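Trainee:
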Amino acid sequence: MFEQYVLPYSYDALEPYIDALTVETHYSKHHATYTKTFNELAEKAGFSEKSAEYILANLEEVQDEGLRQALKNNGGGYYNHNLYFEEIAPEKGGEPKGVLGEKINETFGSFQDFKENISALAIGRFGSGWAWLNTDKEGNLSLSSSSNQDNPISMGTGLTPIFTIDVWEHAYYLKYKNLRASYVKEFFNIVDWDKVEEKYKNALA
Ligand SMILES: [Fe+2]
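First residue of the sequence shown? That's 3 in the working numbering, and the numbers climb one at a time after it.
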């Protein structure tokens, strides 16, 4: 049974950066539906005992093309939103510290450069999708973006995503309308970098 990440903050806690109605709709409608559908599909495919990561990395085991695509979409919708809601929290922002902060500086030059690069990927992603900060098993960081609910796991990169920006319109349209760049800029005010560092360390363990 795949569990939707339980929000430790209220729907209005991310104001003014993300409005309460957006968080409520995003979490209790979009994410909840992906979770429910993913559970049904995983059972149908005989994947109930597997992890979401395993399923997304091994979609080729599913013979039925329709079921395979639906698992990719809904499994991605489940997994991606768990990461998204977990990495944000009220009164966060700032810059990553510790080993993650050091690795970001080493890889991208500075936190500012990292932010500009991933923001450009998020803003430039045509249509619905995601921007990603990924690590390999050795701790090397890289950036990418994906469309729909695809992610670095279902795309077969072998990388582990540790931070993401949701750029589907449902993530920002009520407040920011067509101004995706403004949403991406403000999003950094609620990123919990300690949580992202925890994801980084777990991916290397
Ligand atoms: Fe979303």
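Here a beta-carbon is modelled for each residue, glycine too, at the ideal position from N, C-alpha and C.
The structure displayed is predicted, hence computed values, not measured ones.
With a cut-off of 6 Å, give the chain-ordered residues whose Cβ is closer than this to any heavy atom of ligand 1.
Mentor: His28, His32, His83, Asp168, Trp170, His172, Ala173
Trainee: So who's on the other strand from Asn136, going by DSSP bridges?
Mentor: Numbered from its first residue, the sequence shown carries residue 136 at position 134. DSSP lists Ser144, Pro163 as partners of Asn136.
Trainee: Does the distance from the CB of Ala59 to the CB of Phe4 come in under 8 Å?
Mentor: Along the sequence shown, one-based indexing puts residue 59 at 57. Along the sequence shown, one-based indexing puts residue 4 at 2. It is not a contact, given that the beta carbons lie outside the stated cut-off.
Trainee: Could you check if Asp168 is buried or exposed, using at least 16 other CB atoms within 10 Å of its CB as the buried criterion?
Mentor: Position 166 of the sequence shown, counted from the start, is the residue given in the question as residue 168. Classification for Asp168: buried.
Trainee: If you check the beta carbons only, do Gly103 and Leu206 fall under 8 Å apart?
Mentor: In the sequence shown, residue 103 corresponds to position 101, counting from 1. In the sequence shown, residue 206 corresponds to position 204, counting from 1. Gly103 places its beta carbon 8 Å or farther from that of Leu206.
Trainee: For Ala91 and Thr24, what's the separation of their Cα atoms in angstroms?
Mentor: Numbered from 1 along the sequence shown, position 89 holds the residue referred to as residue 91. Numbered from 1 along the sequence shown, position 22 holds the residue referred to as residue 24. Taking the straight line from one Cα to the other gives about 15 Å.
Trainee: How do the stretch 63 to 72 and the stretch 103 to 122 stand: do at least 3 beta-carbon pairs fall below 8 Å, yes or no?
Mentor: no
Trainee: What span of residues does the alpha helix (DSSP H) with Ala72 cover, start to end?
Mentor: Residue numbering aside, residue 72 sits at position 70 when the sequence shown is read from its first letter. Here the alpha helix (DSSP H) through Ala72 covers 67 to 88.
Trainee: Using the three-state DSSP reduction, which class does Val198 fall into: helix, strand or coil?
Mentor: Mapped onto the sequence shown, residue 198 falls at position 196. DSSP places Val198 in helix when its eight states are reduced to three.
Trainee: From what residue to what residue does the alpha helix (DSSP H) around Asp14 run?
Mentor: As a working mapping, residue 14 is identified with position 12 in the sequence shown. Premise fails: Asp14 is in no alpha helix (DSSP H) and is neither H nor E.
Trainee: Going by beta-carbon coordinates alone, are Leu73 and Leu85 separated by less than 8 Å?
Mentor: Working through the sequence shown from its first residue, we reach residue 73 at position 71. Working through the sequence shown from its first residue, we reach residue 85 at position 83. Leu85 sits away from Leu73, with the two beta carbons spaced by 8 Å or more.
Trainee: What do you reckon, are the CB atoms on Ala22 and Tyr29 nearer than 8 Å?
Mentor: Here residue 22 refers to the residue found at position 20 when the sequence shown is read from its first residue. Here residue 29 refers to the residue found at position 27 when the sequence shown is read from its first residue. No, the Cβ-Cβ distance between Ala22 and Tyr29 is not below 8 Å.
Trainee: Which residue or residues does DSSP assign as beta-bridge partners of Val8?
Mentor: The residue labelled residue 8 in the question sits at position 6 within the sequence shown. DSSP lists no bridge partner for Val8.
Trainee: With distances taken Cα to Cα, identify the nearest neighbour of Ser184 among Ile20, Asp196, Ala133.
Mentor: Your numbering for residue 184 matches position 182 in the sequence shown. Just measuring C-alpha positions, the residue of Ile20, Asp196, Ala133 sitting nearest Ser184 is Ile20.
Trainee: With a threshold of 7 Å on Cβ separation, who are the neighbours of Tyr36 within its own chain once the five nearest residues in sequence on each side are excluded?
Mentor: Position 34 of the sequence shown, counting from 1, holds the residue named residue 36. Only Asn76, Gly79, Tyr80, His83 meet the Cβ criterion.
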